[in-house]
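Student:
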Amino acid sequence: MSHKLGTILAVVIAVIACVVLETARWGVIHTATHVGDTPVTTLERRDADGPHVVIAHGFAGSREMMQGYGLTLAQAGYRVHMFDFEGHGAHPLPMSGDVTRIDGTTQRLMTQTLAVIDDVADDERPVALLGHSMATDVLVRVADVSDRTGPLVLLSAFSQAVTATFPQDMLLISGQWEPPLRDFGLRATRMVDPDAVEGDIAQAAGVIRSAQVAPFTEHVAILQSRAGRAEALAWLNRAYGRDTTAAVPPTGWAFLALMAAITVLAAPIARLITRPTDLPAKPDLPMRTFAAVLIAPMLLAPGVASLFEINLLPVLVAEYLAIHLGLYGLCTLLMLRLMNKALPVSRIQPLALVGLCVWGIGVFGFALDRYGANFFPVPERLPIIAALALGAVPFMVADAMLAWKASIWRRIASRGALLVSLGIAVALDFEGLFFLIMIAPVIVLFFLVHGAMGRAFGKQAGPLTAGLALGLILAWALGVSFPMFAA
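Quick note, the sequence shown lines up with residues 0 to 486 if you use numbering that gives the first Met the number 0.
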């Protein structure tokens, strides 16, 4: 496929995806407010008169991640209120408290949720609650202490506060590919009817429950499940005696298509704004030498980084990750220099550097923030991004030089070595660095998406320019993804 035809196809896919995604938003008014320090987005049609629905996200999520369900309910006339928990999204305050105790962090999140409910509730109908993962436990416990709540819709639920008689009105939706949570949903339903199977509605002594499965989804994809959104709307309509309907467009597929199109379009943008000049030659790295360059930082970084104990940032393992990445990158650069004698260095091209940052943060970030997940930081997160950049920039520069004109297998091996290195770090300090496991998917997605963008710009401007830009983007992506936490 020619460059021109590929560009045209990517533009067409992006336009179609935007139409689908915007169709889901048409007619819905988005109003941003605050309840205390809590950012809240209200979704409602201009003529909305339906019950209020409070929607809460899961751990490391944001209110933007919940808009698939929020928009569907808003299109059906419900008044939807999505909010960010402390430490997440645009909330300026970190999470705090003891995460192992119900009267610790959970109680703080319950208090925050109750404040939102009290702010939006009226005296006509109880407020419905919808939540994902971590929020499911919070919402069940909130419903137990509040007399202003009504039916619950729980996605990927696990709350141990569920009993045979409480909550009385509850739909549990689990992804097809998360068996333990499917088992929990079915057990909760069988507390009401021992013979119930997935898809049944169990009723007894005033309690009504159902365990539903969202096909072909896991813990994250469930947030865009068309079947899940339709079931949630039907459940609330039953509870409130409504018969309103709403289209459920394939926003999940449209979102993935848009992100892929933006990634592909990085190449023509790079060709448009810069031309390849004085690009370095491919490094002379025999397989044995390449393996040595991979193994040395992979083993050295976890051990050396564990010697540092810095706790300045309100983010779990952020300081450690910055140190680990920095050591890993510097060690890689040193090994390349010792083993190859000449690093593949070319002069920095400012236009390409700025262009990649604008495309990777501005364009990609705008689409992600509008349709998928929070990507733009509140001021409190800027020091976190700056600190992460101290490690991410040398790491990505080293990665770009090691991968310069390398085969796809070598590029995969170099990125896989970082994941192995982080895995070693977790094994050395499981309790202190467990959160690194949750960061791994973010890093994998970064390499798949922004790594491809960097490769396109690198072909035009060289590895140093691409590496510097990707380091800044990686620090940004990690800085907005980490939940903030203060002990």
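Beta carbons: idealized from backbone N, C-alpha and C, even for Gly.
What whole-angstrom Cβ distance do Ala114 and Val34 have, given they're in contact under 8 Å?
Tutor: Correct: roughly 5 Å between the Cβ atoms.
Student: Applying the criterion that 16 or more other CB atoms from any shown protein chain within 10 Å of the CB defines a buried residue, is Ile442 buried or exposed?
Tutor: Result: buried.
Student: Report buried or exposed for Phe456, applying the criterion of at least 16 other Cβ atoms within 10 angstroms of its Cβ.
Tutor: Buried: at least 16 other Cβ atoms inside 10 Å.
Student: For Thr276, which of helix, strand or coil comes out of DSSP?
Tutor: Three-state DSSP puts Thr276 in coil, outside helix and strand.
Student: Is it true that the CB of Thr71 sits closer than 7 Å to the CB of Leu232?
Tutor: Contact: yes.
Student: Under the rule that 16 or more other beta-carbon atoms within 10 Å means buried, what is Ser1, buried or exposed?
Tutor: Result: exposed.
Student: Looking only at its own chain, which residues have a Cβ that is under 8 Å from the Cβ of Ser124, when we skip the five neighbours before and after it?
Tutor: Note on identity: in this sequence residue 124 is Arg, with Ser being the wrong assignment. Pro50, His51, Gly149 and Tyr239, listed in sequence order.
Student: Report yes if the CB atom of Ser305 is closer than 7 Å to the CB atom of Leu418, and no otherwise.
Tutor: No, Cβ-Cβ distance for Ser305 and Leu418 is not below 7 Å.
Student: In whole angstroms, what separates the C-alpha of Leu552 from that of Asp146?
Tutor: Outside the modelled stretch of the chain, which goes from 0 to 486, sits residue 552, for which no answer is possible.
Student: At what residues does the alpha helix (DSSP H) containing Thr71 begin and finish?
Tutor: First-last of the alpha helix (DSSP H) with Thr71: Gln66 to Gln74.
Student: Could you tell me which uninterrupted beta strand (DSSP E) segments, each at least 3 residues in length, are contained entirely in the stretch 82-163, listed from first to last along the chain?
Tutor: DSSP runs (the beta strand (DSSP E)) wholly in the stretch 82-163: 126-131 and 148-154.
Student: Between Leu530 and Met395, how many whole angstroms is the CB-CB distance? I'm expecting something under 8 Å.
Tutor: In this structure the chain extends from 0 to 486, so residue 530 is not present and cannot be described.
Student: Per the contact definition of three or more C-beta pairs closer than 8 Å, is the stretch 217-230 in contact with the stretch 166-186?
Tutor: With the cut-off at 8 Å, the stretch 166-186 and the stretch 217-230 touch.
Student: Looking at the strands, I want to know which residues DSSP matches up with Asp168.
Tutor: Answer by DSSP bridge pairing, in chain order: Ile207.
Student: Would you list the residues sitting across from His29 in a DSSP beta bridge?
Tutor: In DSSP, His29 forms a bridge with Leu42.
Student: Relative to the C-alpha of Leu42, which candidate in Phe82, Glu318, Gln202 and Phe484 has its C-alpha closest?
Tutor: Nearest of Phe82, Glu318, Gln202 and Phe484 to Leu42, Cα basis: Phe82.
Student: What does the Cβ neighbour count give for Asn310, buried or exposed, with the cut at 16 atoms within 10 Å?
Tutor: Exposed, because fewer than 16 other Cβ atoms sit within 10 Å of the Cβ of Asn310.
Student: Just how far apart, CA to CA, sit Asp48 and Phe307?
Tutor: Cα to Cα, Asp48 sits roughly 56 Å from Phe307.
Student: Considering only the beta carbon of each residue, do Leu153 and Thr164 sit closer than 7 Å?
Tutor: No, these two residues do not count as a Cβ contact at 7 Å.
Student: So, with DSSP's three-state summary, where would you put Gln175?
Tutor: Reduced to three states, the DSSP call for Gln175 is coil.
Student: Taking the straight line between their C-alpha atoms, what separation do you get for Leu312 and Leu381?
Tutor: So the two alpha carbons sit approximately 11 Å from each other.
Student: Looking only at its own chain, which residues have a Cβ that is under 7 Å from the Cβ of Ser413, when we skip the five neighbours before and after it?
Tutor: Contacts found: Leu293, Asp398, Leu401 and Ala402.
Student: Give the range of the alpha helix (DSSP H) segment to which Val448 is assigned.
Tutor: Segment Leu435 to Ala460, the alpha helix (DSSP H) holding Val448.
Student: Rounded C-beta distance between Gln211 and Leu170? I'm assuming under 8 Å.
Tutor: Right, their Cβ atoms sit about 7 Å apart.
Student: In the DSSP assignment, what are the bridge partners of Ala55?
Tutor: Ala55 pairs with Phe82 and Gly130.
Student: DSSP state of Ile347, grouped into three classes?
Tutor: DSSP places Ile347 in coil when its eight states are reduced to three.
Student: Spatial neighbours of Ser480 within its chain, please: CB distance less than 7 Å, with the 5 preceding and 5 following residues excluded, ordered by chain position.
Tutor: Once the five neighbours on either side are set aside, the close Cβ partners of Ser480 are Ala59 and Val441.
Student: Quick one: residues in its chain with C-beta nearer than 8 Å to the C-beta of Pro91, no 5 flanking neighbours on either side, listed in chain order?
Tutor: Cβ neighbours of Pro91 beyond the five flanking positions: Asp36, Val377, Pro378 and Glu379.
Student: Would Leu335 pass as a contact of Val303 if the rule is Cβ separation under 7 Å?
Tutor: No, the pair does not count as a contact, with Cβ atoms beyond the cut-off.
Student: Whole angstroms is fine: what's the gap from Trp234's alpha carbon to Val126's?
Tutor: Going from the Cα of Trp234 to the Cα of Val126 covers about 14 Å.
Student: Applying the criterion that 16 or more other CB atoms from any shown protein chain within 10 Å of the CB defines a buried residue, is Thr406 buried or exposed?
Tutor: Before going on, a small fix: residue 406 reads as Ser here, not Thr. So Ser406 counts as exposed.
Student: So, does the stretch 249-257 touch the stretch 179-192, judging by three or more C-beta pairs under 8 Å?
Tutor: Taking 8 Å as the limit for Cβ pairs, the verdict is that the stretch 179-192 does not touch the stretch 249-257.
Student: Report yes if the C-beta of Thr244 is less than 6 Å from at least one heavy atom of the ligand GTP; otherwise report no.
Tutor: Among the components of this structure there are no ligands whatsoever, and the ligand GTP is therefore not found.
Student: Give me the Cα-Cα distance between Leu477 and Met297, rounded to the nearest whole angstrom.
Tutor: Approximately 20 Å, taken between the alpha carbons.
Student: Please name the residue in Ala89, Arg140, Val10 and Pro38 whose C-alpha comes closest to that of Pro482.
Tutor: Minimum Cα distance to Pro482 is reached at Ala89.
Student: Count the other CB atoms, across all protein chains shown, that sit within 10 Å of the CB of Thr273; report buried if there are 16 or more and exposed otherwise.
Tutor: Per the 10 Å Cβ criterion, buried.
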